[in-house]
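>
2 protein chains.
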Amino acid sequence: MRDVAAAAGVSLKTVSRVVNGESFVRPDTAERVRDAIARLGFQRNDLARTLRGGGRTRSIGLIIEDVANPFYSQIARGVEDVARAGGRLVISGSSDEDPARELLLIRSLCERRVDGLLIVPSQTGDPRRRAELIAGTPAVFLDRPADDPAADTVLIDNLGGARTAVDHLLAHGHRRIACLVDLPEIFTARQRHQGYLEALAAHGVQADPALVRTGRHDVRGAGHAMTELLALPDPPTAVFAGNNLLTVGALRAIGAAGTRTALVGFDDVELADLLATPVTVIAHEPADMGRQAAELLEGRIRGDTGPPARILLPTRLVARGSGEIPPG
Amino acid sequence: MRDVAAAAGVSLKTVSRVVNGESFVRPDTAERVRDAIARLGFQRNDLARTLRGGGRTRSIGLIIEDVANPFYSQIARGVEDVARAGGRLVISGSSDEDPARELLLIRSLCERRVDGLLIVPSQTGDPRRRAELIAGTPAVFLDRPADDPAADTVLIDNLGGARTAVDHLLAHGHRRIACLVDLPEIFTARQRHQGYLEALAAHGVQADPALVRTGRHDVRGAGHAMTELLALPDPPTAVFAGNNLLTVGALRAIGAAGTRTALVGFDDVELADLLATPVTVIAHEPADMGRQAAELLEGRIRGDTGPPARILLPTRLVARGSGEIPPG
DNA sequence: TTGAAAGCGCTAACAG
DNA sequence: CTGTTAGCGCTTTCAA
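In order, the protein sequence lines correspond to chains P and E. All the letters of the first sequence, read from the start, carry residue numbers 1 to 328 under UniProt numbering. All the letters of the second sequence, read from the start, carry residue numbers 1 to 328 under UniProt numbering.
Take a look at the structure:
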């Protein structure tokens, strides 16, 4: 910028005025400055700008489990849309459910002075350490609650969704219903597991612990678990799969075993409608979760000082076939 | 930092030393400083640090078409893995194939002084404007070439993949093979279309223009096109779908029409193996493309000054069923 | 309408 | 081992 000023024969401040489109610059002066800018290929340094302005970096941080998981990438898209409208960029990072990695990301993002943080909190770490790092930066939690009751949070109705799924299977006559869920540390997994148990209890069906497989975190793990379940002496006639990855794993195992096992999955999955037996799911809108969280954050960044928001997003059962298969 | 220095009764520079883990600080002094840091909740300001150091922001920009499209989100994951290893964060943005949006993103990212740029270039804008903005920032192009022959580029073997797909259908006896491709401005779409034509020509099959539908950019558009094709007086017995979204659209239309139309799709899609008729695809590794591009960029950032790299990633045909359906 | 000076928060270079 | 000084590139404040 100094060079531009020299080239245009004006002061630093005048260049600054032109670059920022402030008024009170004579058109011909402005023209000369713009020429110099073009000639020198000058680009304003946003770091210096933000530093001096004491202002915003016009960026937000997004910490999710895995950018490549469609559930999270849809969230990311919703977040981006809102951030864009607010003139902000999104710096996203995958925590891979590793608390150390999460803390590292939070620290990096805060040190970069992002205007705010959107976090799907990993749940195996120490919540206080996280809270300490975040201190001062507006933050909204998605998909899972933070420990902090004062934090804005956007969740899905996990309990209700899971109950609906299992109710549906019970209504179709199933009594031996398996349950595949993620790591027990993860809030959504616990909620969905609980929803499963509650639905059974509400129908007076005795839960069989042998039919529950927790701690399945990927497609392969879910596949193995499902294969084992199907090999039981008294196998389940139906299964509730606790998320998109587990649904895929369960479907593969059922396909390989060649059984007519009913299935309802939590999260919608691409092509679910085109499978040999189209997949019944508990659907919801991840992009909407991202949008709502980002909007909440936007408000906080702008200085909103209302009470903590806690949004619960609805789910809906989409019956496509796999959930309507009758028992054996 | 000033406050920390005051609280600890030391100079600014000493605090800086402790924060940055430099040596030559007496343990008890360091301890006092660390106490003050913890008490005051101090966090180093990375903007100031980078500004003064004249150094890197330890971030890279990633511009793709849509974060939520699995093809791109897998790329993003590959990029992130390499960036992480290099201690960098990824700022990603969706251009939505809009050149204005792309330029805006490039400008924002350069003004923020990202260390480098990874770009899937939209192809409807002016390449010179893009080049001007990028000037000075290392950049690598993915999936599509930039106009610039001096630019590092990582591409998939679109031509070869498309030819393989159509060869496969021809080998199974098809002669009326439809072709669904994206907007003709897009490099990959043109290449895949050309591969289709070349395969037909190589087998001495006369191409029927009525069977080619270009300019399909989403699932719905592909669905409509496919429905029209199937309604022709002399419909195709097979179709080559030019990308993941078009494959999904075509599958939906074929499913709705209830025909036994053969299909080979470019890009692999989740659950393709579990469809009523499992989907034969031209598969490749998007994450690997992201990784390779990020590694190239990492090299440039570190000062690599070799000749421009141009990497062509292989594809492979995964025969699962839909590509092996014989003609009607 | 323009410019000079001060300073954002930090680190590099050089003293002590 | 610790402190002082200068300055990264910009904007803010005040003066001309």
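We treat Cβ as the ideally placed atom computed from N, Cα and C, and that holds for glycine. Being a predicted model, the structure only gives us computed values, none of them experimental.
So is Pro99 (chain P) in contact with chain E if we call contact Cβ pairs under 8 Å?
No, no contact with chain E.
> Note down the Cα distance separating Pro99 (chain P) from Ala76 (chain E), rounded to an integer number of angstroms.
Going from the Cα of Pro99 (chain P) to the Cα of Ala76 (chain E) covers about 21 Å.
> With a cut-off of 8 Å, does the C-beta of Ser122 (chain E) fall near any C-beta of chain P?
No, no contact with chain P.
> Could you say which of P:Gly290, P:Arg252, P:Gly303, P:Pro286 lies nearest to Val279 (chain P) if we only look at CA atoms?
The shortest Cα separation from Val279 (chain P) among P:Gly290, P:Arg252, P:Gly303, P:Pro286 belongs to P:Arg252.
> Which whole-angstrom value describes the C-beta separation of residue 339 (chain E) and Ala199 (chain E), a residue pair presumed to lie in contact below a C-beta threshold of 8 Å?
Not covered by the structure: residue 339 (chain E). The range shown for chain E is 1 to 328.
> What separation, rounded to the nearest whole angstrom, lies between the Cα atoms of Gly9 (chain E) and Gln194 (chain P)?
If you take the alpha carbons of Gly9 (chain E) and Gln194 (chain P), they lie about 54 Å apart.
> Against chain E, with Cβ distances strictly below 8 Å, would Val10 (chain P) count as a contact?
Val10 (chain P) does not count as touching chain E.
> If you draw a straight line from the alpha carbon of Leu118 (chain E) to that of Ile177 (chain E), how long is it in whole angstroms?
In a straight line, the C-alpha of Leu118 (chain E) is about 36 Å away from that of Ile177 (chain E).
> Please report the residue range of the alpha helix (DSSP H) in which Ile134 (chain P) lies.
Segment 127-134, the alpha helix (DSSP H) holding Ile134 (chain P).
> Using only CA atoms, which one of P:His224, P:Phe240, P:Leu271, P:Ser108 lies nearest to Pro257 (chain P)?
Strictly speaking, residue 257 (chain P) in this sequence is Ala, with Pro absent from that position. Considering only alpha carbons, the answer is P:His224.
> Using a C-beta cutoff of 8 Å, does Ile91 (chain P) count as contacting chain E?
Chain E, which has a Cβ nearer than 8 Å to the Cβ of Ile91 (chain P), makes this yes.
> Quick one: any contact between the region 311-327 of chain P and the region 281-295 of chain P, if contact means 3 or more CB pairs under 8 Å?
Touching, yes, given that three or more Cβ pairs across the two stretches are closer than 8 Å.
> Give the interface partners of Gln43 (chain P) over in chain E, defined as CB-CB distance under 7 Å, in chain order.
Within chain E, the residues near Gln43 (chain P) are Cys110, Glu111.
> On the criterion of 16 or more Cβ atoms from any shown chain inside 10 Å, does Leu296 (chain P) qualify as buried, or is it exposed?
Looking at its Cβ environment, which holds 16 or more other Cβ atoms inside 10 Å, Leu296 (chain P) is buried.
> Based on the DSSP output, what are the partners of Arg316 (chain P) in its beta bridges?
In DSSP, Arg316 (chain P) forms a bridge with P:Ala283.
> Closer than 7 Å by C-beta to Gly93 (chain P): which residues in its own chain qualify, once you throw out the five before and the five after it? Chain order, please.
Excluding residues within five positions, the ones whose Cβ falls inside 7 Å are Ile63, Leu105.
> Once you ignore the five residues that flank Ala30 (chain P) on each side, which residues in its own chain have a CB closer than 6 Å to its CB?
If we look at Ala30 (chain P) and ignore the five residues flanking it on each side, its Cβ neighbours are Val18.
> Are the Cβ atoms of Leu51 (chain P) and Leu51 (chain E) separated by less than 8 Å?
Yes, Cβ-Cβ distance for Leu51 (chain P) and Leu51 (chain E) is below 8 Å.
> Is any beta-carbon of chain E found at less than 8 Å from that of Pro70 (chain P)?
It does: the Cβ of Pro70 (chain P) has a partner Cβ on chain E nearer than 8 Å.
> Counting along the chain, where does the beta strand (DSSP E) carrying Phe187 (chain P) start and finish?
Unbroken run through Phe187 (chain P) is the alpha helix (DSSP H), 187-202; no beta strand (DSSP E).
> Please classify His174 (chain E) as buried or exposed, where buried requires at least 16 other C-beta atoms within 10 Å of its C-beta.
Under this definition His174 (chain E) is a buried residue.
> Looking at the secondary structure, which residues open and close the alpha helix (DSSP H) in which Gly221 (chain P) lies?
It spans 219-230 - the alpha helix (DSSP H) in which Gly221 (chain P) sits, taken as one unbroken run.
> Since Gln74 (chain P) and Pro286 (chain P) should fall inside the 8 Å C-beta cutoff, what is the C-beta to C-beta distance between them, to a whole number of angstroms?
The Cβ separation is near 4 Å, so the contact holds.
> In chain order, what residues of the region 248-273 of chain P put their CB closer than 8 Å to some CB of chain E?
Residues passing the 8 Å Cβ filter: Val248, Leu251, Arg252, Gly255, Val269, Glu270, Leu271, Ala272, Asp273.
> What residues in the UniProt domain "HTH lacI-type" (1-53) of chain E bring their beta carbon closer than 7 Å to a beta carbon of chain P?
So the close ones are Gly41, Gln43, Arg44, Asn45, Asp46, Leu47, Ala48, Thr50, Leu51.
> Give the interface partners of Val67 (chain E) over in chain P, defined as CB-CB distance under 7 Å, in chain order.
The contacting residues are Ser73, Ala76, Arg77, Glu80.
> Gly242 (chain E) by DSSP, collapsed to three states: which one?
Here Gly242 (chain E) sits in coil by DSSP.
> To the nearest angstrom, how far is it from the Cα of Pro149 (chain E) to the Cα of Ala309 (chain E)?
If you take the alpha carbons of Pro149 (chain E) and Ala309 (chain E), they lie about 10 Å apart.
> Just the chain P side, please: which residues come within less than 8 Å of Ala276 (chain E) by C-beta, in chain order?
Residues of chain P passing the Cβ test: Leu274, Leu275, Ala276.
> With DSSP as the reference, please indicate the residues paired to Phe24 (chain E) in a beta bridge.
DSSP output for Phe24 (chain E) lists no bridge partner at all.
> Which whole-angstrom value is the C-beta distance of Leu245 (chain E) and Val219 (chain E), which I expect to be below 8 Å?
Between Val219 (chain E) and Leu245 (chain E) the Cβ distance is about 5 Å, and since that is below 8 Å, they are a contact.
> What residues in the region 136-167 of chain E bring their beta carbon closer than 8 Å to a beta carbon of chain P?
The residues in question are Gly136.
> Please report the Cβ distance between Glu80 (chain E) and Val114 (chain P), rounded to the nearest whole angstrom; I am assuming they are in contact, meaning their Cβ atoms lie under 8 Å.
About 17 Å; that fails the 8 Å criterion.
> Alpha helix (DSSP H) containing Ser94 (chain E): first to last residue?
Where Ser94 (chain E) is concerned, there is no enclosing alpha helix (DSSP H), although the beta strand (DSSP E) it sits in stretches over 89-94.
> Run the CB neighbour count on Ala171 (chain E), radius 10 Å, all protein chains shown included, and call it buried at 16 or more, exposed below.
That one is exposed.
> Compare the C-beta of Ser94 (chain E) against all C-beta atoms of chain P and say whether one is closer than 8 Å.
At least one chain P Cβ lies under 8 Å of Ser94 (chain E).
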